[in-house]
Amino acid sequence: MEATVTVTPDQLPELLLHVALVRPVFLWGAPGIGKSSLVRSFAESLGLECVTLLGTQLAPEDLIGVPQIVGDRSRFAPPELIARPTPYCLFLDELNAAAPEVQKSFYSLILDRRIGGYELPAGSVVIGAGNRATDNALARPMASALVNRMVHLHLRADVDDWLKWAAHNDIHPWVVRYVTQRPDHLWSAAPKTEAPFSTPRGWHMLSDALHSCGDDLDDTLLEVLAAGTLTHAHASGFRAFVKTIRHAYDLDAVIKGEADWPRDPGDRDLLYFLSETFRARLIKELPGSRKHVSAALHRFVLRAKAMLVELAEISVECAQLVIASDADGAPVLPSWFLVEVTRDLPRLAARR
Numbered sequence: 001m002e003a004t005v006t007v008t009p010d011q012l013p014e015l016l017l018h019v020a021l022v023r024p025v026f027l028w029g030a031p032g033i034g035k036s037s038l039v040r041s042f043a044e045s046l047g048l049e050c051v052t053l054l055g056t057q058l059a060p061e062d063l064i065g066v067p068q069i070v071g072d073r074s075r076f077a078p079p080e081l082i083a084r085p086t087p088y089c090l091f092l093d094e095l096n097a098a099a100p101e102v103q104k105s106f107y108s109l110i111l112d113r114r115i116g117g118y119e120l121p122a123g124s125v126v127i128g129a130g131n132r133a134t135d136n137a138l139a140r141p142m143a144s145a146l147v148n149r150m151v152h153l154h155l156r157a158d159v160d161d162w163l164k165w166a167a168h169n170d171i172h173p174w175v176v177r178y179v180t181q182r183p184d185h186l187w188s189a190a191p192k193t194e195a196p197f198s199t200p201r202g203w204h205m206l207s208d209a210l211h212s213c214g215d216d217l218d219d220t221l222l223e224v225l226a227a228g229t230l231t232h233a234h235a236s237g238f239r240a241f242v243k244t245i246r247h248a249y250d251l252d253a254v255i256k257g258e259a260d261w262p263r264d265p266g267d268r269d270l271l272y273f274l275s276e277t278f279r280a281r282l283i284k285e286l287p288g289s290r291k292h293v294s295a296a297l298h299r300f301v302l303r304a305k306a307m308l309v310e311l312a313e314i315s316v317e318c319a320q321l322v323i324a325s326d327a328d329g330a331p332v333l334p335s336w337f338l339v340e341v342t343r344d345l346p347r348l349a350a351r352r
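Residues 1 to 352 (full-length UniProt numbering) make up the sequence shown, in order.
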């Protein structure tokens, strides 16, 4: 299912409070963005136990139960995990990854809150969650009858929400500082091959590993940990970022003229990281129109062009990276700035 309107993690609890108490909800989202933890936190906020059923680990009889003879009749006895005497939150995780027969077994439980002779206690909440087929995750088509039984919400990763959460959940300072500088690295689309990719969950795992190893871990171990939890490009960027911390080397020092671009061939990863960070700074700071450039910003523009010249002397490739268009060929920096680059730095502009 494709998202038309999305919600952030901060917006989700209030939506669930108004919707999930009266209708079953299905939460769509990419792997690793926190769907399960958000549902558990929501249940906890209501004082409800969260009972999780994984669609990929269920058979129809796990829901319907086994037949029992009562008097001269038979009836199905639902499993104890579901048939509870007090209200609870029933979380159907990976529901759309379940086999079609299992999905059909949920029809009555989701819409009528009943399975066999058992009915969910008043005050219970039913929430499903799953990945989309476009996420290269295990997902089966959901029958229209099941789709129509739930309210569908599409969750997206949000940097501000994640950083706010990270500040209260012991996320390693290196991770927090890196994601703050490179918010575009919090999440990446799942690759079509079996390779790690960056998600809030991946950054959390890296944070736990960093805490366990201690801040004095060597670069070889850092490379292993980052490569095992993030995309290759993001892992390389994070290692370079850690190098800037350990050597007290940052972009602000270059902008102020207190430090030069790193020139040592062994610091090429650091040069790439600083170049990408410089690009991100330009995207953030430069307005769309030249007429909105203040006197202070004008000085920054002059310094930025001087920095591009200095960078090009070391690596034209890195300088090109700063002003490059996006993957679709569209410019990401304001056109007025690129015009000035074309005028003042023709060697770069010719290859942009």
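The beta-carbon is built from N, C-alpha and C at its ideal position, and this holds for glycine as well.
Keep in mind it's a predicted model, so treat the numbers as computed, not measured.
Practice prompt. Give the straight-line distance between the Cα atoms of A189 and D93, rounded to the nearest whole angstrom.
Written response: In the sequence shown, counting from the first residue as 1, residue 189 sits at position 189. In the sequence shown, counting from the first residue as 1, residue 93 sits at position 93. Computed Cα separation, rounded: 21 Å.
Worksheet entry | 9 Å Cβ cutoff met for R149 and A139 | For this step, residue 149 is matched to residue 149 along the sequence shown. For this step, residue 139 is matched to residue 139 along the sequence shown. Not closer than 9 Å, so no.
Worksheet item: Closest by CA to V25, which one among G32, I33, G34, L15?
Response: What you label residue 25 is simply residue 25 of the sequence shown in a count that begins at 1. Measuring from the Cα of V25, the nearest candidate turns out to be L15.
Item to complete: Reducing DSSP to helix, strand and coil, say where D160 ends up.
Response: Here residue 160 corresponds to residue number 160 of the sequence shown, with the count starting at 1. It is helical.
Worksheet entry | Local conformation of R182 per DSSP, three classes | What you label residue 182 is simply residue 182 of the sequence shown in a count that begins at 1. Three-state result, R182: coil.
Worksheet entry | Euclidean distance between Cα positions of P79 and E61 | Indexing the sequence shown from 1 puts residue 79 at position 79. Indexing the sequence shown from 1 puts residue 61 at position 61. In a straight line, the C-alpha of P79 is about 9 Å away from that of E61.
Worksheet item: How many angstroms separate the CA atom of T113 from the CA atom of G71?
Response: Locating residue 113 in the sequence shown gives position 113, counting from the first residue. Locating residue 71 in the sequence shown gives position 71, counting from the first residue. Here the sequence assigns Arg to residue 113, which means Thr is not the residue at that position. Between R113 and G71, the alpha-carbon positions lie close to 26 Å from each other.
Discussion item. One question on the structure: do P196 and V159 come within less than 9 Å of each other, judged by their Cβ atoms?
Written reply: The residue labelled residue 196 in the question sits at position 196 within the sequence shown. The residue labelled residue 159 in the question sits at position 159 within the sequence shown. One thing to note: P196 has its Cβ no nearer than 9 Å to the Cβ of V159.
Worksheet entry | Nearest candidate by alpha-carbon position, reference A167, set Y249, I33, V179 | Position 167 of the sequence shown, counted from the first residue, corresponds to residue 167. Considering only alpha carbons, the answer is V179.
Practice prompt. Specify the secondary structure class of Q11 as computed by DSSP and reduced to three states.
Written response: For the purposes of this step, residue 11 is taken as the residue at position 11 of the sequence shown. DSSP places Q11 in coil when its eight states are reduced to three.
Worksheet entry | Every unbroken beta strand (DSSP E) within the stretch 303-346, with a cutoff of 3 residues, ordered by chain | Fully contained in the stretch 303-346 is no beta strand (DSSP E) run of length 3 or more.
Worksheet item: Start and end of the alpha helix (DSSP H) containing V224?
Response: As a working note, residue 224 is residue 224 in the sequence shown. Per DSSP, V224 belongs to the alpha helix (DSSP H) from 219-227.
Worksheet item: What does a CB cutoff of less than 8 Å around L321 pick up in its chain, not counting 5 residues either side in sequence?
Response: If you number the sequence shown from 1, residue 321 lands on position 321. If we look at L321 and ignore the five residues flanking it on each side, its Cβ neighbours are Y272, S275, E276, R279.
Practice prompt. Check whether the Cβ of L338 lies closer than 9 Å to any Cβ atom in chain B.
Written response: The chain labelled as chain B is not found in the depicted structure, where only one protein chain is given.
Worksheet item: I33 by DSSP, collapsed to three states: which one?
Response: Against the sequence shown, residue 33 aligns to sequence position 33. Three-state result, I33: coil.
Discussion item. Can you list, in chain order, the residues of its chain with a C-beta nearer than 7 Å to that of F42? Leave out the 5 residues immediately preceding and following it.
Written reply: Within the sequence shown, numbered from 1, the residue matching residue 42 stands at position 42. Cβ neighbours of F42 beyond the five flanking positions: P13, L16.
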